[in-house]
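J.: Going by the working numbering, the final residue of the sequence shown carries number 138, and the count climbs one at a time with no gaps.
C-beta: ideal position from N, C-alpha, C; glycine also.
So that we are looking at the same thing, I have put the structure below in structure tokens.
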Amino acid sequence: MQEETARSAIDTFISAFNASDDTYVTALLSQSLTSDVVFWGPLGRSEGIAAVERFVLDIRRHPAGTGTMVRCSAVDMPGEWARYQWVFTTPDGGPRLAGTDVVHLRRSLIDQVIVFAGEIEPSAS
14 MQEETARSAI DTFISAFNAS DDTYVTALLS QSLTSDVVFW GPLGRSEGIA
64 AVERFVLDIR RHPAGTGTMV RCSAVDMPGE WARYQWVFTT PDGGPRLAGT
114 DVVHLRRSLI DQVIVFAGEI EPSAS
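Here it is, written out as structure tokens:
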């Protein structure tokens, strides 16, 4: 049951990267994150949905074009924290960024996100 809750919150979080329009990003994040979420990203620590929204919108506005973020592993939840792997690919075989996120849940919502991004690689043809 706990892994299902984590998977649902994570998949909703990832869906914000793939929203059909920027105006849906906040609503999707609000469905998956606590209002006081702590986000540990590539540029350091930030707090709140607005901080995560800025990160998501920056990735959505990648110079190579709007890309796609997908979870590419099962959600592993050995204790209080859940982890999963993801990949972000830009259109036309553009840059690909892969990584692992570790999240903590409180009341079925993510209250902490730690992003471990890997190197940008060209996608395999």
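Locate the beta strand (DSSP E) running through residue 141, then write down its first and last residues.
T.: Summary: the structure shown does not reach residue 141, with the chain confined to residues 14 through 138, and so no result is reported for it.
J.: How about the stretch 32 to 46 and the stretch 91 to 104: do they share at least three Cβ pairs that are nearer than 8 Å?
T.: Cβ pair count under 8 Å is below three, so no.
J.: Kindly indicate which three-state DSSP category residue 112 falls into: helix, strand or coil?
T.: Residue 112 falls in the strand class under three-state DSSP.
J.: Hey, how far is the Cα of residue 77 from the Cα of residue 120?
T.: The alpha-carbon atoms of residue 77 and residue 120 are separated by roughly 37 Å.
J.: To which residues does DSSP link residue 100 through a beta bridge?
T.: Looking at the DSSP assignment, residue 100 forms a beta bridge with 83, 111.
J.: Below 8 Å between beta carbons: does that hold for residue 61 and residue 48?
T.: Yes, these two residues count as a Cβ contact at 8 Å.
J.: I need the straight-line Cα distance from residue 38 to residue 90, nearest angstrom please.
T.: Approximately 26 Å between the Cα atoms of the pair.
J.: Only counting the same chain, and skipping five residues up and downstream in sequence, which positions put a Cβ closer than 6 Å to that of residue 95?
T.: Contacts found: 19, 88, 116.
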